[in-house]
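Single-structure report; data block below.
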Amino acid sequence: MKKNNSLRYIISSVIVLSLIWIGNSGYFNGLLLSLGAVSVAFVVFMAYRLDIVDEESQPLQVSRRIVVYWLWLLKELVGSNITVIKRIWQGPHSINPVVARVPTSQKTEMGQTIYANSITLTPGTTTLDIDGDTLIVYALSYDGIRYLLGGEMDRRVKRLEE
Amino acid sequence: MSVFIDGLSWALLILGGFICVSGGIGMHRFPDFFSRMHAASVTDTLGGTLVLFGLMLQTDGQYLVLVKLILVLLFILLTSPTGSHALAKAALHGGLRPKLGSQQDKQDADVLNNFGRANASETDKNKE
Amino acid sequence: MFLAAAIAILVAMVLALLRALMGPTLYDRVLSVNVFGTKTVLFIAILGFLMGRPEFLDIALVYALINFIAMIGVLRFFEYKQTEPAEEPKSEGQR
Numbered sequence: 049m050k051k052n053n054s055l056r057y058i059i060s061s062v063i064v065l066s067l068i069w070i071g072n073s074g075y076f077n078g079l080l081l082s083l084g085a086v087s088v089a090f091v092v093f094m095a096y097r098l099d100i101v102d103e104e105s106q107p108l109q110v111s112r113r114i115v116v117y118w119l120w121l122l123k124e125l126v127g128s129n130i131t132v133i134k135r136i137w138q139g140p141h142s143i144n145p146v147v148a149r150v151p152t153s154q155k156t157e158m159g160q161t162i163y164a165n166s167i168t169l170t171p172g173t174t175t176l177d178i179d180g181d182t183l184i185v186y187a188l189s190y191d192g193i194r195y196l197l198g199g200e201m202d203r204r205v206k207r208l209e210e
Numbered sequence: 239m240s241v242f243i244d245g246l247s248w249a250l251l252i253l254g255g256f257i258c259v260s261g262g263i264g265m266h267r268f269p270d271f272f273s274r275m276h277a278a279s280v281t282d283t284l285g286g287t288l289v290l291f292g293l294m295l296q297t298d299g300q301y302l303v304l305v306k307l308i309l310v311l312l313f314i315l316l317t318s319p320t321g322s323h324a325l326a327k328a329a330l331h332g333g334l335r336p337k338l339g340s341q342q343d344k345q346d347a348d349v350l351n352n353f354g355r356a357n358a359s360e361t362d363k364n365k366e
Numbered sequence: 003m004f005l006a007a008a009i010a011i012l013v014a015m016v017l018a019l020l021r022a023l024m025g026p027t028l029y030d031r032v033l034s035v036n037v038f039g040t041k042t043v044l045f046i047a048i049l050g051f052l053m054g055r056p057e058f059l060d061i062a063l064v065y066a067l068i069n070f071i072a073m074i075g076v077l078r079f080f081e082y083k084q085t086e087p088a089e090e091p092k093s094e095g096q097r
């Protein structure tokens with residue numbers, strides 16, 4: 049791990065942890081703020097010892113684009129939820145489960161993880177496993193697989209990596 | 239204005255409650271474990287999101303409460319896919335296989351053989 | 003109105019609990035317990051508003067974290083429970 053690079057991640061984790069402390073406590077007297085400072089310092093020190101203060105635990109490079117992606121994902125979530133709720137009320141004969149391979153185009157492991165987790169988060173499709181560059185996806189019907197093979201989600205996750 | 243916000247938050251709460259109940263019913267109507275997982279994920283994602291959004295509109299300027307509701311929502315949305323994936327993978331390793339429908343591609347069905355214990359005996363599948 | 007949402011969530015909790023009692027596989031039970039936990043978080047949050055005591059949200063926050071960690075822990079315990087030692091390296095290699 050490069051030292052000059054790790055300073056950036058240490059500062060960002062200090063900021064994030066301080067915001068969590070202030071957001072959860074809401075008191076601004078000296079005692080509680082100093083306790084918070086000690087806690088933040090201890091957690092960052094432990095994370096540094098564990099060697100997990102890096103771009104994998106804090107993907108700062110995607111933080112600007114990911115807000116747009118989350119809003120888009122929320123829209124997709126509503127759509128796929130409505131489909132699954134319809135299937136629930138129509139009964140078990142309306143589902144037709146399939147397992148299929150879905151190719152990914154992401155280069156980094158982080159991109160693949162975001163893609164696989166987005167697939168799992170949307171009801172109707174679940175990632176079972178990763179096999180090299182392909183995901184093994186279980187879906188309630190072939191429509192879900194067809195949507196994934198259409199590749200809009202794949203393209204949007206790939207754009208996050210740049 | 240406050241009547242409008244109140245009405246919106248009530249609508250979100252009722253809709254969220256309805257979706258939670260739908261997910262609960264789906265857990266009984268769907269035939270096997272893997273399809274039940276989707277019914278569960280409905281309640282985890284949209285049901286929880288709508289209920290928490292409905293509560294967020296009722297916070298009435300208490301920012302601490304708002305921050306905590308947002309944190310709860312983030313935790314649910316971030317941990318739910320990880321939990322589902324761990325559950326599906328553990329079930330596959332445990333020898334449980336999804337019931338596949340008529341549109342299944344034979345070639346793609348082979349991927350399930352890569353998981354351990356495909357030919358585990360019936361009694362071994364943690365069934366009772 | 004909070005009461006209606008609380009009752010709806012209670013109904014969903016009862017349905018999840020019934021699924022946990024009925025099984026039929028172990029994974030169905032783990033799934034139902036996880037759904038039950040998520041519902042508990044929502045229920046505690048609503049109860050806080052119903053009682054006019056939003057401090058309940060702290061409990062909901064902690065419960066959301068414990069629920070996730072408990073589920074991962076239970077799955078770690080059961081995943082390779084009945085695997086014979088000879089099979090262990092093969093399934094490890096696939097991960």
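For the record, the sequence lines run as chains A, B and C. In case it helps, my numbering puts the first sequence at residues 49 to 210. In case it helps, my numbering puts the second sequence at residues 239 to 366. In case it helps, my numbering puts the third sequence at residues 3 to 97. Built from N, CA and C at the ideal position, the CB exists for glycine as well.
Alpha-carbon spacing of residue i relative to residue j, whole angstroms
i: Leu-49/C; j: Tyr-186/A; result: 36 Å
i: Ile-193/A; j: Ser-240/B; result: 44 Å
i: Ile-143/A; j: Trp-69/A; result: 45 Å
i: Thr-168/A; j: Asn-77/A; result: 43 Å
i: Val-126/A; j: Val-88/A; result: 37 Å
i: Ser-359/B; j: Gly-333/B; result: Its pLDDT being 46, under 50, Ser-359/B is placed unreliably in this model, and the coordinates cannot settle the point.
i: Leu-20/C; j: Val-13/C; result: 11 Å
i: Leu-316/B; j: Ala-72/C; result: 15 Å
i: Ala-95/A; j: Leu-304/B; result: 28 Å
i: Glu-366/B; j: Leu-77/C; result: Residue placement at Glu-366/B cannot be trusted, given a pLDDT of 43 that sits under 50; the coordinates are not used to answer.
i: Asn-69/C; j: Gly-75/C; result: 10 Å
i: Thr-283/B; j: Lys-306/B; result: 18 Å
i: Ala-328/B; j: Leu-28/C; result: 11 Å
i: Leu-250/B; j: Phe-291/B; result: 7 Å
i: Glu-104/A; j: Gln-160/A; result: 13 Å
i: Val-146/A; j: Leu-176/A; result: 12 Å
i: Glu-86/C; j: Leu-330/B; result: Residue placement at Glu-86/C cannot be trusted, given a pLDDT of 45 that sits under 50; what the coordinates show is reported in the next sentence. So the two alpha carbons sit approximately 16 Å from each other.
i: Gly-285/B; j: Phe-256/B; result: 8 Å
i: Pro-140/A; j: Thr-174/A; result: 18 Å
i: Leu-246/B; j: Thr-297/B; result: 13 Å
Residues sharing a beta bridge with residue i, DSSP
i: Ile-178/A; result: Leu-183/A
i: Thr-173/A; result: Ala-187/A
N-terminal and C-terminal residue of the alpha helix (DSSP H) that residue i is part of
i: Arg-149/A; result: Unbroken run through Arg-149/A is the beta strand (DSSP E), 146-151; no alpha helix (DSSP H).
i: Thr-317/B; result: 301-331
i: Ile-100/A; result: No alpha helix (DSSP H) contains Ile-100/A, which DSSP labels as neither H nor E.
i: Met-265/B; result: 240-267
i: Glu-57/C; result: Segment: none, Glu-57/C is in no alpha helix (DSSP H) and carries neither H nor E.
i: Met-294/B; result: 286-294
i: Arg-369/B; result: This structure gives no information on residue 369/B, because the portion of chain B shown stretches from 239 to 366.
i: Tyr-117/A; result: 113-138
i: Lys-206/A; result: 200-209
i: Phe-271/B; result: 271-280
Own chain, CB closer than 7 Å to residue i, minus 5 neighbours either side, in chain order
i: Leu-253/B; result: Leu-288
i: Ile-107/A; result: According to the sequence as given, residue 107/A is Pro; it is not Ile. Taken in chain order, the residues that qualify are Met-158.
i: Asp-191/A; result: none
i: Ala-278/B; result: Gly-261, Met-265
i: Arg-135/A; result: Ser-142, Ile-143, Leu-188
i: Arg-31/C; result: Ala-22, Gly-25
i: Leu-5/C; result: Leu-52
i: Lys-337/B; result: Pro-269, Asp-270
i: Leu-63/C; result: none
i: Ala-8/C; result: Phe-45, Ile-48, Leu-49, Leu-52
i: Thr-156/A; result: Glu-209
Chain-order list of residues whose beta-carbon lies under 8 Å from that of residue i (same chain, five-residue window excluded)
i: Gly-92/A; result: The amino acid at residue 92/A is misidentified as Gly; the sequence shows Val. Closer than 8 Å at Cβ, skipping near neighbours: Ile-58, Ser-61, Val-62, Leu-65, Val-101.
i: Met-15/C; result: Phe-38, Lys-41, Thr-42, Phe-45
i: Ser-73/A; result: Leu-80, Gly-84
Nearest to residue i (by Cα), restricted to the options the options
i: Ile-178/A; options: Gly-78/A, Gly-71/A, Pro-151/A, Ile-136/A; result: Pro-151/A
i: Val-280/B; options: Gly-261/B, Met-294/B, Thr-297/B, Ala-326/B; result: Gly-261/B
i: Lys-206/A; options: Ser-105/A, Leu-79/A, Ile-114/A; result: Ile-114/A
i: Met-201/A; options: Leu-176/A, Ser-153/A, Gly-172/A; result: Ser-153/A
i: Gln-138/A; options: Ala-249/B, Gly-286/B, Phe-268/B; result: Phe-268/B
i: Arg-97/A; options: Ser-54/A, Gly-84/A, Ser-73/A, Leu-81/A; result: Ser-54/A
i: Gly-299/B; options: Pro-56/C, Thr-27/C, Tyr-65/C; result: Pro-56/C
i: Tyr-75/A; options: Leu-302/B, Leu-325/B, Thr-297/B; result: Leu-302/B
i: Asp-244/B; options: Cys-258/B, Gly-285/B, Leu-293/B, Ser-273/B; result: Leu-293/B
i: Ile-308/B; options: Leu-295/B, Thr-320/B, Pro-319/B; result: Leu-295/B
i: Ala-148/A; options: Arg-112/A, Gly-71/A, Leu-196/A, Arg-203/A; result: Leu-196/A
Close beta carbons around residue i, own chain, < 6 Å, minus the five adjacent residues each side
i: Ile-61/C; result: Ile-46
i: Ser-34/C; result: Ala-18, Arg-21, Ala-22
i: Gly-84/A; result: Trp-69
i: Ser-128/A; result: Thr-170, Pro-171, Gly-172
i: Ser-273/B; result: none
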